[in-house]
Each structure stands twice: as structure tokens, then as C-alpha cells.
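Here's the structure, in C-alpha cells; my notes come after.
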Amino acid sequence: MNKIIVILICLFSFGKIYAQQTTVKGTVLTEQNEALPGAAVVFLQQDSLVAGLMADKKGRFSLQIDTGTYLMQVSFLGFNTYEKPVRLLADKQNLEPVILNSKAYELDETVVSADKMQYEVLGDQLVYNVPSRIKKTSANAYQVLTHVPSLLVNLDERSLSVIGSSYSIIMVNNIQRDSRYVSMLRPEDIEKVEVIRNPSIRFASKNIDGIINIVTKKITNMQRGDVGLELNPEMEYGYMDASYLYASDKFNISFYGNDFFFNEDKRDITLFRESRYEGKTTQTHKHVDESQYKMNNLYLTTSMDYVVSPKTFMTLDLQYTGIPERIDRPYTGYVKENDVHLYDLNASEYSNTKSHRYGVSYYWQTQFNEKNMLNLEAKYAGSRKRLSNIYEESGTNGYSGYLNNRLDKNNQNAVDGQLNYSYKFGDHRFESGYRFYWESDDFNGQVNNMPDQMQYKEFRNYVYAGLSGKLHPKWSYRIGVGYDFVNTDISKIVKNDYQEFTPNAHLGYAINQSQNISIDFSRNRTSPAFSNLNPNRNYTDTTRVYYGNPYLTPYYTNSLRLNYQLFKSRFFIMGTLGYQNVNDYITRYEFLDNTGVYNITFGNTGRYSNAYFNLNFSVNILEGWKVMANGSVRYNMYEDEEVEQFNKNFWSASFWAMTMLNYKKFSANFSCFPFFRTPTLTGYTKVGTESSIRASYMLNQTISFTAGFRYLIPLKYKFETYTNDYTDVTVDKMTDRSWRFMVGVNISLQKGKSKNRPQKSAKQYNDSRTISIQNY
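Last residue of the sequence shown? That's 839 in the working numbering, and every number before it is there in order.
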């Protein structure tokens, strides 16, 4: 249609009026600030065509025309026509960008919008443009996100991550948010979702290898409230949440609260352990018919966003989480040795935990001009945890019994700050910055009235610089390097300093409009967890002990990944072939000591590497019916000169599948996560399969109903742990049957409407595009 318009212009334009001419330049953009190639731009006088042309692939246009007053019209199929009177003078005219709004056609109370292509790849990011049908039939934002390829979404737990990433973060309009913030978003707000794997060097020190950015409509002059409830019929499991949002042109404030509870008064648990040592086979069997497990998770957060000026933006987030947890389980059982019954036993386990976590995060950015930008991130996180645990065991035939009375207090504080500067020149962007991190862990406990203490401190400095951009319309690149300096102190006994360079690189090539290929390289540091370092011994019973290793050292992972993506209007497939190499990898070290006690601790292996292949695909089988699946195979290789247990090669595999149905006011999701027998360094592990189905019905824009069934196919855990010579073995089995049926309702009230608007220049992570600082 646009070509026809241009042809008509050529046919009806004749002669050349001898008058002074000028050059007119401009750009045509969508509401999302994206170029609109092929848009028709015409200039009229008294309803007659004078001149016109089509915008190029970047949405730009330029033409020579006589000076004077004209009516400028810009049109494109599926968008509202733009009209504006313009007066053209002798000097060159650089017009303001023309923004075309999506057109909607209303037929019998049904609105049909002009949807964009579902899948796009821009540089190093996959973009999923959410179809209007998905927005209208989904009950919440998480149901929308299940349609995004390369994302793993768990509707039951309200969690999401990037497939193949170890640590993903969530952003909303390019500002990092807590995962619970997603619960406040409504399906109709979400315009598109951007997924980035192996982001820039800026995130290397945080080990972030996946970013999920949710782009929403402009929310302004609005008040919104949501209340949700989801419970199982027996009132033993469920959650309640509520949120409130006030939005103006410059200031937004939101409140969100969620209370998740789990009260279980009956649970059939069987524990079996078999230990073969020095010609003796010892079997321990414990069973509990009825136990109590009560947990309550209260989460509160508030977010405040303020646009200081068109070039400066700031946001402040506050979070609090309180988790009381109580376990009460009475066991009965017996112990055999070489099939001879030794004694019957009775045991009781009581545990009471109170945990409090709180955090404050601040983000500020300013754009001095089109080329220079500065942003600052600062975060404080603290936690207080108190645990009291008593395990007591007694038996017949002279068994002396066992008592483990623990009282733990753990306080943690952390401060994280980062300053980042970026400079844009042409199609390239340079960025550099500095990050500071400080952490303090103070553990103070008692075991049977004996002291159990440990302190851990870490200071970290990280400087980095990187360059990204385009070498050619089909080639994109990103390179960067960081320098990591870390100082650690464990109880003033073990002190270490670590220094290392961490490079990062990406190279992408667009084969055509529906295919692309890329290669990524990164080097990241992983520190041992506090629980892995604490050397204090923790006996769960007489035959099993857990303790950490204060001499663990961090390890650096070198990752190389080749990616291929193919996407059509209804089909998406992504294949990844990767290789990782790690020296001094931290892994579990399990063995039987000379008393037959099963020891669990940690050690640094000499070398660990793995090669893997991952395939993710998504296909729209019918209108409103979509299937998505992901499969991965990995070959693991361990090598160590000192510990024989750490010399082993084995395969492992994973798979999950999900199907989504969206029809009118109804939506449903079915997921299946089967788990395979997986080898380990000391044997193998096998856990059960999880499957669930959830459905929702939108009564109207205010009320929606949900129902779900989640079944954990009998969880049979079996862990085999061998000694170094593979002659002795410990076998653990546990059976835990669980199913949950949930029903819920959500009520949404709103005053005001969200709308699309052109985006202004601002960014937090993206090296290849600009985003809106007022899009909240």
C-alpha cells in the first residue's frame, strides 16, 4: 500500500515550479521508539500531493521541496495516520521525530490490535512482542511470561529465570527490581519482554549471566489496587497478596505485600540408610506417620520513582522479609547389622527458626547530553537468623541414645555500590565503572552447650571497561575486561587476597531477518558460600555429620558458547553449544571415616570441565495454543591428582515441557518437569517428577478466578556415596508423596489508564538502544 502511494505521487507530480527549495529531514518511530521502515511521508497543499517518499530501513527520510506551508501526512498499515501543518523555510529543516500509534479496530465489543512480529533479535537480545490476545486472556503477568522463549517460569512458585543462566536478574523498564515486583504488573501493561544472555562486563563481578527486561506501557495519572488470594481447600497451603500504585507524570510510588503460608500436620516420610564398611552392612530405618511443618513467609516492599528532570531519574526500593518456621517430627525405627536386628529406636526432631531479611536499594542516573551518561547503584542488605534445633534418639537392647541440641545465631550485613559511565559515538558505546562490595557474617552458636563460632569478612574492588556496537548492519560486537581484587578474613585465622582479570566478549551475525548466530566468551569468579566455609561440625544423627572447609578458595569459570536462533511468526528455536573450564572447582566431598560415620564437607577439585548442548523451542500449534520445551545434555569431566574421588566423567540430562492455552477469557498452563537418574562424583541421585496444571478465567477486567493442581510424583530420593576405593557404600532413600489443589480469586481496581508514549533516552544495561526513564 505504501508503494502505491509513492507511485501515485510520481504520477501526479509534474513539472518543477521554479521557487526556492529546502531540504527536509526527519524520522518515523513507533510508540516504543523503534524505527518504522517503509512508512509513507507526503506533503500536501490544498489537498493536492506535492511531494512524498518512503522512510528507509532506519525510519529516516530526506527530500528537497519548495519553501512554503504544507500539510504533512505520515501513514503505515496498522497505525493511525499522523497529520501536522508545517512551514518550510529556506534553511534546512530537521523535523521532530514522528510517532505513529498502533491502530485498534473495535467490532462488537472486541478490540483487534495490529500486533508486531512476535519474535525479534536486536543485537545480543531476544525480544518477544506480547500479542494482544495473550494480554487479554492472562490472569497475571507470570502467565504472560510463560509465552516468552528461553525463559523458565514456575507459576506455582512465581519464579522465572533465563534458561542456561546460573544467575538471572529481573528488570522492569531497564531498572532492576525484586522478583516480587512482577506480581504488581498487569498483563495489559506489558508491551514486550527482552532477554539477554551473557550481558556486558558491567555485570561480570556480580556473576549475572542473564537479564529479563519487561517493557511496559506508560503509567501516569493513575491509582491502582490489587488484592489476590489462593488457597488449597484444607487451608493448609496458600498465599495472600495486595498492592497499591499511585502514578503521576514525575512521581510513582507503589506498595506490595505477600504472605505465603504452609501448615502441614500430616506427612508420610520414610528414611532408609545402608552403610557397608569393613565387611559389615549396617541398615538404619526411620519412619514418621504424622509430622508438623509450619512456615510463614511475609514479604513487604515499597518502591518510589522520581523524574528529577527530563535527563535525570532516581528510584528507591525498600524490602522486608520475615520467615518463622517450625518442624516437629517423631520417628520410630530400627537398626540392623548384617541382617541381625540390633535394636529398636525412637527419635524426635524439633526445630524452630526465625529469619528476618531487609534491604534498601537506590538507583540514580543522569544523561548530560546525547553521548554522555552517568548512573549510580547502591544497596544495603541485612539478615538476622535464629535457629533452635533438638534431635534426641533412644533405643532398646542397651542403646545409650544420642542428643544434639543446637542454638544458632547468624547476622549478615552487605553493602554494594557501583558507579558506571558511558559514552556513545556513532554506532558504538564505551562504558567504564567501579564497584565496591563489603560483607560481614557473624555466626555464634552452641552445640550441647559447647561454643560454635565463626566470623567472615570480605572486601572487594572491581574496575572495568568495555566497548560495544555495530561493525556492519549485520554484525554486532561487545568486548570488555574487568580487574577483580578481593580480600577475605575467616575468624582472623585464614586470610587471603585474590586478584584476577575477567574478560567478556560477544560477536553476533544476522544471517537474515529470521536467523542469527552469535558466540560468547566470559570469565567469572565464584566465591564459596558461608555455610561451605564454617568448619563447625553439625550432626543430624549418630551416623551423619556436615561441616565446611575454611581453606576453600574461589574459582574462576571460563565459558565459551555458540548460539543459533531461528524465528518465524509462530515458531522459535534456539540451540546452544557450550564449553566450560574451571580450575579449583568447589564440590562436595563425601566419605566414611574410620568409625563408619558419613562425612559431608567440601573441597577444591584440581580441574572441572563440561561440554553441553541445549535446545529450546516454542511453536504456536493453533491460534491460542502454544507448546514450549527445553532439553539439555551435558558431559562432565573431573580431574584431581590428590583425591581419587574427584576423578570421574559422566553424562547428565534435563528436560521440561509446557503448553499454554489462551481462548477468549480463559487461559490454562500445563507443565512437566521430569528428573532423571543423575550420576554424581560419589554415585548417583534420583528425585521425582513434578507436574502441574493451572487455569484462570477472566470474569471481567476487575475479577479473575484461578484453579491449579500440582502433583509431586512420589519423591524417591536415593543417594549412593562410595568411599575412595568404591568398596564401601552408603545408600539414602526418602519417600515423600505430595499433591496440592488450589483455588483463588484476584480483584483489581483502577482509576486512570495506561498508555503508550515515545521513549526518552536513558539506560541501565543495554548497549544498543535507549529506553524511557518515564515508563513506570
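All residues carry an ideal CB built from backbone N, CA and C; glycine is no exception. A quick note: this is a predicted structure, and the numbers were derived from the prediction, not measured.
With respect to the 8 Å criterion, V161 and T90 are classified as neighbours on the basis of their beta carbons. When the Cα atoms are used, M117 and K88 turn out to be separated by approximately 12 Å. DSSP places F593 in the uninterrupted alpha helix (DSSP H) bounded by 593-596.
Comparing alpha-carbon positions, the option among N732, T765, E753 lying closest to S759 turns out to be N732. Judged by DSSP secondary structure, R586 falls outside any alpha helix (DSSP H) and instead within the beta strand (DSSP E) spanning 578-589. I332 and D604 have their C-alpha atoms roughly 16 Å apart.
Taking the Cα positions, L379 is about 20 Å away from F266.
Take the alpha-carbon of P393 and the one of S717: they are about 36 Å apart. Annotation: the region 497-580 contains the following complete segments of the beta strand (DSSP E) (minimum length 3 residues), in chain order: 513-535, 538-553, 557-575.
For a cut-off of 8 Å, the C-beta gap from E707 to G669 is around 12 Å, too long to register as a contact. The criterion of a C-beta distance shorter than 8 Å is not satisfied by G445 and R492. DSSP places R221 in no beta strand (DSSP E); its state is neither H nor E.
Per DSSP, the beta-bridge partners of L363 are G320, Y383.
Distances from the CA of I766 to each of M377, Y546, T416, N203 were compared; the closest alpha carbon is that of N203.
The three-state secondary structure of Y610, taken from DSSP, is coil. The continuous alpha helix (DSSP H) containing I197 extends over residues 195-200. With at least 16 other beta carbons inside 10 angstroms of its own, L408 counts as buried. DSSP, reduced to helix, strand and coil, places V706 outside both helices and strands of the structure shown, so it counts as coil. Between the beta-carbon of L294 and that of G288 there is about 21 Å, and that puts the pair past the 8 Å contact cut. 8 Å or more divides the Cβ of E563 from the Cβ of S263.
Closest in C-alpha terms to R586, from the list R123, I271, E183, comes I271.
Shown here, L208 sits in a helix according to DSSP, grouped into three states.
Its Cα nearest to that of S457, the residue A410 stands out among A410, L363, N710, R523. Leaving aside the five residues that flank N693 on each side, the residues in its chain whose CB is nearer than 6 Å to its CB run, in chain order, I226, N679, W719.
If you ignore the 5 residues before and after Q813, its C-beta comes within less than 6 Å of the C-beta of R287, all in its own chain and listed in chain order.
Contact between P566 and S590 fails: their C-beta atoms lie close to 19 Å from each other, not under 8 Å.
With contacts defined as CB atoms closer than 8 Å, T416 and E388 qualify as a contacting pair. Per DSSP, reduced to three states, the secondary structure at D252 is helical. In this structure, the alpha-carbon of L570 lies about 15 Å from that of L640. Taken through DSSP and simplified to helix, strand or coil, A102 comes out as coil. Proximity of the region 496-506 to the region 243-262 falls short of the contact definition, fewer than three beta-carbon pairs being nearer than 8 Å. In the structure shown, K269 adopts helical secondary structure according to DSSP, grouped into three states.
Look at I264 here: in three-state DSSP terms it is helix. The DSSP-derived three-state label of S672 is strand. Here A310 is buried: its Cβ has 16 or more other Cβ atoms, across all protein chains shown, within 10 Å. Non-local C-beta neighbours of Q83 in its own chain, meaning closer than 6 Å and more than five positions away in sequence, comprise T130, A153, ordered along the chain.
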